[in-house]
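**Q** Supplied in C-alpha cells, the structure appears directly below.
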Amino acid sequence: MPKVPLIQTKALCKSYFNEELETPVLFDLDLTIQEGEFVSIMGPSGSGKSTLMHILGFLDNITSGQYLFRGKPTRTMSDDELAQIRATRVSFVFQAFNLLPRTSVLDNVMLPLLYHPTIPVYEREDRARKAIEKVGLTDRADYLTNQLSGGQQQRVAIARSLVTEPDLIFADEPTGNLDSKSGVAVMEVLQDLHKQGHTIILVTHEMSTAQHAQRIIQLLDGKVDKDSTNFKRIIAKKSNTLK
Amino acid sequence: MKLRDTIRTSARALTINKMRSALTMLGIIIGVGSVVLMVSVGRSFEGYILDQIDSFGGGAIDLYPTGFEKFGQTLDSLKFEDYEAVKRLSTVESIAPVIIVTEKITYGTEEASPMVFGTTKEIQRNYGLKLDLGRFIDERDVKSASSVAVLASETAENLFGNANPIGERIRIGERFYTVIGTLKTVGSLLLQDLDEFVYVPYSTARSVTGQRYLSYINLLAVGDDKLAQQDIKTILRKRHSIRNPEDDPDKDDFLVRSSEQVTEIINSVSLGLTAFMGLIAGISLLVGGIGIMNIMLVSVAERTREIGLRKALGARRQDILFQFLIEAVALTIAGGVIGIIGALLLGLVLTAVAGKFLGDISFAMSLPAVLAAALMAGVIGVAFGLYPARKAAALSPMEAIRWEG
Chain A
19 MPKVPLIQTK
29 ALCKSYFNEE
39 LETPVLFDLD
49 LTIQEGEFVS
59 IMGPSGSGKS
69 TLMHILGFLD
79 NITSGQYLFR
89 GKPTRTMSDD
99 ELAQIRATRV
109 SFVFQAFNLL
119 PRTSVLDNVM
129 LPLLYHPTIP
139 VYEREDRARK
149 AIEKVGLTDR
159 ADYLTNQLSG
169 GQQQRVAIAR
179 SLVTEPDLIF
189 ADEPTGNLDS
199 KSGVAVMEVL
209 QDLHKQGHTI
219 ILVTHEMSTA
229 QHAQRIIQLL
239 DGKVDKDSTN
249 FKRIIAKKSN
259 TLK
Chain B
66 MKLRDTIRTS
76 ARALTINKMR
86 SALTMLGIII
96 GVGSVVLMVS
106 VGRSFEGYIL
116 DQIDSFGGGA
126 IDLYPTGFEK
136 FGQTLDSLKF
146 EDYEAVKRLS
156 TVESIAPVII
166 VTEKITYGTE
176 EASPMVFGTT
186 KEIQRNYGLK
196 LDLGRFIDER
206 DVKSASSVAV
216 LASETAENLF
226 GNANPIGERI
236 RIGERFYTVI
246 GTLKTVGSLL
256 LQDLDEFVYV
266 PYSTARSVTG
276 QRYLSYINLL
286 AVGDDKLAQQ
296 DIKTILRKRH
306 SIRNPEDDPD
316 KDDFLVRSSE
326 QVTEIINSVS
336 LGLTAFMGLI
346 AGISLLVGGI
356 GIMNIMLVSV
366 AERTREIGLR
376 KALGARRQDI
386 LFQFLIEAVA
396 LTIAGGVIGI
406 IGALLLGLVL
416 TAVAGKFLGD
426 ISFAMSLPAV
436 LAAALMAGVI
446 GVAFGLYPAR
456 KAAALSPMEA
466 IRWEG
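Take a look at the structure:
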C-alpha cells in the first residue's frame, strides 16, 4: 500500500472575486508533498505562491478542485474542524511576523497553546520556554516584541510556530524583511527543525533562500512550472547571533 | 479554548491597549452619566417645585384682582367688602386678606427690603408659618390697627443678626413698629422666599397705604375646593355686577386659583421639563453611543488583523466572539458603573449647591433613567464591541490578516 501523502492537490483552482470580477490565481494545480520533506515554493510575484501556501495551510479556501490533507478532503470540513487543524497540525511564519504588539515574547509564543485542545495548561509555559530556547532567545523571553529587532521578531514567530509541535510548518518569505545575517539565522533554525522531523514548506522568490530546501517547486502563472530535487542545497552556517 | 483563558485573553487585550479601553469607557461614561444626571437633576427640581406647592396646603385658594392695568395704577377690583362677603361663605374658612406694602425697613443702620404683608392671623395657618419667638398678629392687633410686626427668619437675621428682636422698634416707611414675634425658617413658596417676609396687621397696612382694595385674598376651602371656587365666583360676580354664565375668566375682574390648579400647571410644566431633559439625555446617549461606536470602528482594522492571526493560530469563531463579548461587557459595565456613580455624585453636589440658593431641595435619583442608560449603554457597547469580531470572524484568516480597513 502506498504511503498516504501529507498534502495532495488535484486540479486545484483559486480565484479572487472583486465585485463579480473574477481574478484567477491558481489553475488545475496538482501537487503532492510527503511527510518530512523540506520544500521551497518559488516563483515571481503574482505566480500564486503565497495563495497556494495559504490554501495548503488552511488560511484560505479553494474555488474548485480538491485538497487532501492526509488523504482527507478539506472542502467539506466545518469551521471548527479547520480551526482544530490550524491549532494542532499546521503553523506559520509570516513575512510580516504578525506578532501581538505590546505583548511579551513568552505570551506571543504561548498564544497558539490557548487554542490547542489537548495541551494542558500547566505545560504551556514549559513548552513556550523550550521553543524560545530553540530559536536562541532565552534571555529575551520577557521582552515586549516591539523591543526586539526584526530578526529577533522573526525568531519569535518561528518559536510560536514550533510550540504546538505541528506536522507542518509554513514559512512565507521568512527572510524577506530581514538583513542577510538575520536571514541566515532564521534559515538555520528552519533546517534544524527539518532535521528534527518537521515538514517545512518555504515560500520565497529568491533562489538563494529556496536552495536551503531539498526540493524546489517553481510556479508560473498559477501552475507548477518545474518540480525538482535541489542538488545544490545550501546549509545555513552556524552564526553567532544564534546560540 | 477554556473560559479562564478567554477571560484572561480579554483582560490582557484591555490592559495592553489602555488608551483604546479608556476612550471606549469614556464614551460609555459620558453617555450613561449625562442621561442619569440630566434626568435625576430634572426630577429633583420637579420634586422641589412640588414641595413648594405642598407646603401651600391642600385646598388653599388664592383670589386675585385681574383686568387691564393702567399706567401707574394697580388693580383695585378686589375690595375689603368682597373679603367680608367671601368670609361669610360656608364653603370657606381661614380667610386672610393681604395688602402688600412696598416700603423699605430700617433698624438703626441696618436696612432690608422684604415683602411686607398687611394681613390677619389666618395667614399663619394658611402658609404653615411656625413661631420662633413671641407671638403672631392677633385679632386685637387688627382691630386696633396697632403698629406691630412679625419678622420671618431671614429678615430678622438681616436686621438683628443674632440679637433678640422682640420688643425692638423697626421703621417701615414713615412709621415705627414694635417687633412682637419671629418665625422659623420655612423655605420658599412658589419660588417666593417666605423667610424674607414681614407681617403687619391688615388694618395698619390699610391706613398707612390709604389703600381701599386688597392685593389678594388667601383662604382655605371647606371640603371640595371646586364647590368653594364656584361659591366665590358667584358671589363676586353678583357684587361686581358681572354676567358670566359661560364662566369665561376674561369677563371677570378677579381670578380664583386653587393650589391644585397651580399644582396641575406645574405638573404639566415639570412633565414637559422631564421630557425635555429626557430628550437631552437621549441625545447625549446618542452622542455617547456614537463615541463608543467610533472608537470601536477606528480599531476595527487593527482588531481584524488580530482576529485573523488568532484564527490562523487555531482560534474558533466562538473563541473570537467570546473574547470580544467579554471585552465589550467588561468595558460597558465598568464605564456604566463609573458613569452612574459619577452622575449621582455630581447630581448630589449640584442639588446641594442649588439648595444653598433655593432652600430645601433634595436629590432624587431617577431609577428608570439609570436602568434605561445602563440598558442602552449595554446594547450599544456590546453591539459595537462585537461588530469587528463578527465581521472578522466571518472572513478567512488570511483575508482578516491582510485587512486594511
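Protein chains in written order, with the numbering used here: chain A, 19 to 261; chain B, 66 to 470. Note that the Cβ used here is the ideal one computed from N, Cα and C, for glycine as well.
Considering only residues of the stretch 350-421 of chain B, which uninterrupted alpha helix (DSSP H) runs meet the minimum length of 4 residues and lie entirely inside it, listed in chain order?
**A** 365-377
**Q** Please report the Cβ distance between Ala101 of chain A and Thr182 of chain A, rounded to the nearest whole angstrom; I am assuming they are in contact, meaning their Cβ atoms lie under 8 Å.
**A** Contact doesn't hold; Cβ gap of about 13 Å is too wide.
**Q** By Cβ distance below 8 Å, which residues in the same chain neighbour Arg236 of chain B in space, the five residues on each side in sequence not counted?
**A** Ile170, Thr171, Tyr172, Tyr242
**Q** Tell me, please, whether the CB atom of Leu77 of chain A is closer than 8 Å to any CB atom in chain B?
**A** yes
**Q** Quick one: is Tyr85 of chain A near chain B, going by C-beta distance under 8 Å?
**A** no
**Q** At which residues does the beta strand (DSSP E) containing Tyr85 of chain A begin and terminate?
**A** 82-87
**Q** For His134 of chain A, which option in B:Val263, B:Ala150, B:Thr71, B:Pro162 has the closest C-alpha, if you only look at C-alpha atoms?
**A** Relative to the Cα of His134 of chain A, the nearest Cα in the group B:Val263, B:Ala150, B:Thr71, B:Pro162 belongs to B:Thr71.
**Q** Does Glu37 of chain A have its Cβ less than 8 Å from a Cβ in chain B?
**A** no
**Q** Got a sec? Which residues, its chain only, sit under 8 Å from Leu386 of chain B by beta carbon, not counting five neighbours each side?
**A** Leu451, Ala454, Arg455, Ala458
**Q** In chain order, which alpha helix (DSSP H) runs of at least 4 residues are fully inside the stretch 184-239 of chain A?
**A** 198-213, 225-228
**Q** Please tell me whether Ile466 of chain B and Gly373 of chain B are closer than 8 Å, where the distance is taken between their beta carbons.
**A** Cβ distance < 8 Å, so Ile466 of chain B and Gly373 of chain B count as in contact.
**Q** Below 7 Å on C-beta distance, what does Asn116 of chain A contact in chain B?
**A** Leu374, Ile466, listed in chain order.
**Q** Just to check my reading of the structure: Leu30 of chain A and Ile80 of chain A have Cβ atoms closer than 8 Å, yes? What is that Cβ distance to the nearest angstrom?
**A** 6 Å
**Q** Using 10 angstroms around the beta-carbon of Lys195 of chain B, count the other beta-carbons present and answer buried if the total reaches 16, otherwise exposed.
**A** In this structure Lys195 of chain B is exposed. Its beta-carbon is surrounded by fewer than 16 other beta-carbon atoms within 10 angstroms.
**Q** Confirm the yes/no value for this check: CB of Leu143 of chain B, any heavy atom of the ligand GDP, distance under 7 Å.
**A** Questions concerning the ligand GDP fall outside what the structure shown contains, since it holds no ligand whatsoever.
**Q** Taking 8 Å as the CB-CB cut-off, is Ser99 of chain B touching chain A?
**A** no
**Q** Determine the direct distance from the alpha carbon of Ala175 of chain A to that of Asp144 of chain A, and round the result to whole angstroms.
**A** 17 Å
**Q** With 9 Å as the limit, tell me which residues of the stretch 152-166 of chain A have their beta carbon closer than that to any beta carbon of chain B; keep them in chain order.
**A** none
**Q** Taking the alpha helix (DSSP H) that Met128 of chain A belongs to, which residues open and close that run?
**A** 123-132
**Q** Can you tell me whether DSSP reads Glu325 of chain B as helix, strand or coil?
**A** helix
**Q** Closer than 7 Å, Cβ to Cβ, to anything on chain B: give me those residues from the stretch 61-72 of chain A, in chain order.
**A** Residues passing the 7 Å Cβ filter: His72.
**Q** Do Asp98 of chain A and Arg381 of chain B count as a contact pair if the criterion is CB distance below 8 Å?
**A** yes
**Q** Taking only beta-carbon atoms, is Pro130 of chain A less than 8 Å away from chain B?
**A** yes
**Q** For chain B, find out if any of its Cβ atoms is closer than 8 Å to the Cβ of Ala177 of chain A; answer yes or no.
**A** no
**Q** Which residue or residues does DSSP assign as beta-bridge partners of Ile61 of chain B?
**A** As shown, chain B starts at 66 and ends at 470. That puts residue 61 of chain B outside it, with no answer to give.
**Q** Tell me whether Ser68 of chain A is buried or exposed, calling it buried when 16 or more other Cβ atoms sit within 10 Å of its Cβ.
**A** buried
**Q** Could you tell me the distance, in whole angstroms, from the CA atom of Leu143 of chain B to the CA atom of Thr131 of chain B?
**A** 9 Å
**Q** Report the residues of the stretch 377-396 of chain B with a CB closer than 9 Å to any CB of chain A, ordered along the chain.
**A** Those would be Ala377, Leu378, Gly379, Ala380, Arg381, Arg382, Gln383, Asp384, in chain order.
**Q** Check the DSSP bridge columns for Tyr129 of chain B and list the partner residues they point to.
**A** B:Leu320
**Q** Looking at chain A, is there any beta carbon in it that lies within less than 8 Å of the beta carbon of Asp36 of chain B?
**A** In this structure chain B extends from 66 to 470, so residue 36 of chain B is not present and cannot be described.
**Q** Any beta carbon of chain E sitting closer than 8 Å to that of Glu469 of chain B?
**A** No chain E appears in the structure shown, which is made up of the protein chains A and B.
**Q** According to DSSP, simplified to helix, strand and coil, what is Gln26 of chain A?
**A** strand
**Q** Do you know offhand how far Thr41 of chain A's Cα is from Tyr85 of chain A's?
**A** 20 Å
**Q** Which chain B residues sit within Cβ distance under 7 Å of Thr222 of chain A?
**A** Under the 7 Å cutoff, chain B gives no residues; its nearest Cβ is about 18 Å from Thr222 of chain A.
**Q** Pull up the distance between the alpha-carbon of Met71 of chain A and that of Ala434 of chain B, whole angstroms please.
**A** 55 Å
**Q** Note down the Cα distance separating Thr247 of chain B from Ile202 of chain B, rounded to an integer number of angstroms.
**A** 11 Å
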